[in-house]
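Visitor:
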Amino acid sequence: SFPIEICDVTLRDGEQTPGVSFTCKEKQDIAQSLSDIGIEIIEAGFPSVSTEEKKTIKAIVEMELPSRICCLARCVQSDIDAALDCGVDLVSIFFATSDLHIRVKYHKTREQMLDTALSMLDYAVDHGLSVRFSAEDASRTDIGFLKQMYREGAERGAAYSSFADTIGCMTPIMMYDVVREIKKDLKNPLCVHCHNDLGFASANTFTASQAGAFQLHTTVNGIGERCGNASLEEVLVALRMHNKTDRYDLTELTKLSKLVEQYSGVLVAKTKPVVGEHAFVHESGIHIAALIKDPQTYEYYPPEMVGAKQKLMLGKHTGRKGLEHILTTLGYTCSNEQTDEILEKIKAAAEAKQSITAEYLSEIIAETRSSAS
Ligand code: HCA
Numbered sequence: 003s004f005p006i007e008i009c010d011v012t013l014r015d016g017e018q019t020p021g022v023s024f025t026c027k028e029k030q031d032i033a034q035s036l037s038d039i040g041i042e043i044i045e046a047g048f049p050s051v052s053t054e055e056k057k058t059i060k061a062i063v064e065m066e067l068p069s070r071i072c073c074l075a076r077c078v079q080s081d082i083d084a085a086l087d088c089g090v091d092l093v094s095i096f097f098a099t100s101d102l103h104i105r106v107k108y109h110k111t112r113e114q115m116l117d118t119a120l121s122m123l124d125y126a127v128d129h130g131l132s133v134r135f136s137a138e139d140a141s142r143t144d145i146g147f148l149k150q151m152y153r154e155g156a157e158r159g160a161a162y163s164s165f166a167d168t169i170g171c172m173t174p175i176m177m178y179d180v181v182r183e184i185k186k187d188l189k190n191p192l193c194v195h196c197h198n199d200l201g202f203a204s205a206n207t208f209t210a211s212q213a214g215a216f217q218l219h220t221t222v223n224g225i226g227e228r229c230g231n232a233s234l235e236e237v238l239v240a241l242r243m244h245n246k247t248d249r250y251d252l253t254e255l256t257k258l259s260k261l262v263e264q265y266s267g268v269l270v271a272k273t274k275p276v277v278g279e280h281a282f283v284h285e286s287g288i289h290i291a292a293l294i295k296d297p298q299t300y301e302y303y304p305p306e307m308v309g310a311k312q313k314l315m316l317g318k319h320t321g322r323k324g325l326e327h328i329l330t331t332l333g334y335t336c337s338n339e340q341t342d343e344i345l346e347k348i349k350a351a352a353e354a355k356q357s358i359t360a361e362y363l364s365e366i367i368a369e370t371r372s373s374a375s
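The opening position of the sequence shown corresponds to residue 3 in full-length UniProt numbering, with each subsequent residue numbered one higher.
Below, the structure written as C-alpha cells:
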C-alpha cells in the first residue's frame, strides 16, 4: 500500500462548474460532511473571487474541523494577504507553466514568471503559511522547467509541489511516467489535480498515486470546469479496493453525493460509478439469478460500503428466477403458470417502453390472479 492524502476541491474547482454557486451554509454543510468522511484537506475557495467568497472561507476555517483548510491564490500579494486574512492552513499558489499559457496570458518569460511566483512563495512562507506550489497546465509544460520550478520551490520552503492536468489531456500511462520522472529528484510531496476531458480524471489520479503522488485532488460527483475533475467517490473506492486504504468513512458517500447534487444543481448520471442511481440496480435475469445466490457475482463491492442499497428491477431482461425472488420478497405466492403470465406481461410492457413500477406490478399480479380464479 502507498501513502496518500486527499485534498477535496469541490468548494473551489467544483464551484467553478458553469452556473454553480454555493451559499456559505451549503459550503459549510459540504465541508462538514467531507470532514466526517475523514478527508485530510478541504480547499474552501478562492478568496479573490469576491468578498462573500472570502467571508465563506473564513466561516469554514472557524468551524475548526479536523480537516486542514486550503485556498487558492494567484502569484499576487493581495491574494496571499487574503489567504492570511482567512486564516487557512494551506495556500495553493499557482501559475500556468506551459509556454502556451505563458505566451497567451502573461506576456512574460518563463523565468520572469517563476521569479514572481518564488517571491510570492517567500512572502507566504515568511508569514507562516504552508504553501502548495502549483503548476497550472503542468501536463503541457516542458519537464525541465517543471522540475526547476519544483526544485526551487522546495528549496524556498514549499510544503508541496503540484501538477495540474488542467485540460485533461493525460492518459493513465502518461501520468504514471510523468509522476515517476518528477519523483526522481523531488524534495517535497507531489500533488495531482486531474481534469476529466478524456474521462480519465479518476483513473489518472489513482494511477498517479500508484506512481508516488501523495496528495490527490478530487471533487464530489466529479463536478468542475467543463467535464469536471477526478471524482471523490471513484478515487476513494479505488483506493479502498486496490490500496487497502481504510481510514475514510465511505458509508457517507451516497449522502454527500446527493447533497452536492442538490446544492450544485448538477445531476448525477444514472451510470456514474459508486453514486449513480444504477450503480447497484440489476435487471438482467442471468445476473439476478446469480446475485440471489451470491451478490459478489455482479457487485464488485457491497453497496452498503458506500451507504447505498442493492435494488432489483423488473423489465425486458427479467428472468423467471428473479421474478420469483421478487414476488416472494414482496409476500406474493403465485403458481408457476401465474408467474409465467406475469413475466410475459412485464416483458411486453417494458418493450412498449412502460416502466414497471411497484403499482404496475401489483396491478398485473392482481389481474393475473383474478383471471385464473
Ligand atoms: C485552475 C487552476 C487549477 C489548478 C489548481 C491547483 C487547474 O482553476 O485552472 O493546482 O491547485 O485546473 O489547473 O485548478
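Glycine included, each C-beta is placed from N, C-alpha and C at the ideal position.
This one's a predicted model, so the numbers in the text were calculated from it and none came from an experiment.
Taking the Cβ atom as the reference point for each residue, do CYS72 and ILE44 lie within a distance shorter than 8 Å?
Guide: Cβ distance < 8 Å, so CYS72 and ILE44 count as in contact.
Visitor: Tell me the residue span of the alpha helix (DSSP H) that contains SER204.
Guide: Unbroken alpha helix (DSSP H) run through SER204: 203-213.
Visitor: Going along the chain, which residues of its own chain have a beta-carbon closer than 8 Å to the beta-carbon of LYS257, five neighbours each way excluded?
Guide: So the list reads SER35 and GLY309, once near-sequence residues are dropped.
Visitor: Tell me the residue span of the alpha helix (DSSP H) that contains LEU255.
Guide: That run of the alpha helix (DSSP H) goes 255-266.
Visitor: Taking all protein chains shown into account, decide if MET115 is buried (16 or more other Cβ within 10 angstroms of its Cβ) or exposed.
Guide: Its Cβ being crowded by 16 or more others within 10 Å, MET115 is buried.
Visitor: Could you check how far apart the C-beta atoms of MET122 and ILE95 are, in whole angstroms? I think they sit under 8 Å.
Guide: That belief holds up - the Cβ atoms of MET122 and ILE95 are roughly 6 Å apart, short of 8 Å.
Visitor: Quick one: measure Cβ to Cβ for GLN30 and ILE62, integer angstroms, because I've assumed they're closer than 8 Å.
Guide: With 8 Å as the limit, GLN30 and ILE62 qualify as a contact, their Cβ atoms being about 6 Å apart.
Visitor: Does the beta-carbon of GLU263, which I'm using as the reference point, lie nearer than 7 Å to any heavy atom of the ligand HCA?
Guide: GLU263 Cβ: outside cutoff for every heavy atom of the ligand HCA.
Visitor: Does the beta-carbon of residue 2 have 16 or more other beta-carbons within 10 angstroms, so that it is buried, or is it exposed?
Guide: Nothing about residue 2 can be read from this structure; the chain reaches only from 3 to 375.
Visitor: Quick check on this structure: which residue in GLY287, THR335, GLY333 and THR53 has the alpha carbon closest to the alpha carbon of LEU314?
Guide: When only C-alpha atoms are compared, the closest one is GLY287.
Visitor: Using only the heavy atoms of the ligand HCA, determine whether one of them is closer than 7 Å to the beta carbon of THR143.
Guide: Flag unset: Cβ of THR143 not near the ligand HCA.
Visitor: Is it the case that the Cβ atoms of THR12 and ILE32 are separated by a distance below 8 Å?
Guide: It is a contact, given that the beta carbons lie within the stated cut-off.
Visitor: From the DSSP output, read off the bridge partner residues of GLN217.
Guide: Paired residue(s): GLU7 and CYS193.
Visitor: I think ASP139 touches ALA98, with their Cβ atoms under 8 Å apart; what is that distance to the nearest whole Å?
Guide: Right, their Cβ atoms sit about 5 Å apart.
Visitor: Does the pairing of the region 49-67 with the region 281-296 give three or more beta-carbon distances under 8 Å?
Guide: Contact fails: fewer than three Cβ-Cβ distances are below 8 Å.
Visitor: Shorter than 7 Å, the distance from the beta carbon of GLU138 to the closest heavy atom of the ligand HCA, or not?
Guide: Checking the Cβ of GLU138 against the ligand HCA gives yes.
Visitor: Give a yes or no on whether the C-beta atoms belonging to VAL268 and ILE225 are separated by under 8 Å.
Guide: In contact: VAL268 and ILE225 (Cβ atoms closer than 8 Å).
Visitor: Taking 8 Å as the cut-off, decide whether the C-beta atoms of LEU316 and ILE358 are in contact.
Guide: Cβ atoms of LEU316 and ILE358: closer than 8 Å.
Visitor: Considering only residues of the same chain and omitting the five flanking positions on each side of ARG14, which have a CB-CB separation below 6 Å?
Guide: Only GLU45, GLY47, PHE48 and LEU74 meet the Cβ criterion.
Visitor: With distances taken Cα to Cα, identify the nearest neighbour of residue 379 among GLY230, LYS349, ASP128 and ASP81.
Guide: The requested residue 379 does not occur in the structure, where the chain is confined to residues 3 to 375.
Visitor: Which residues bound the beta strand (DSSP E) around GLU279?
Guide: Careful: GLU279 lies outside any beta strand (DSSP E) and carries neither H nor E.
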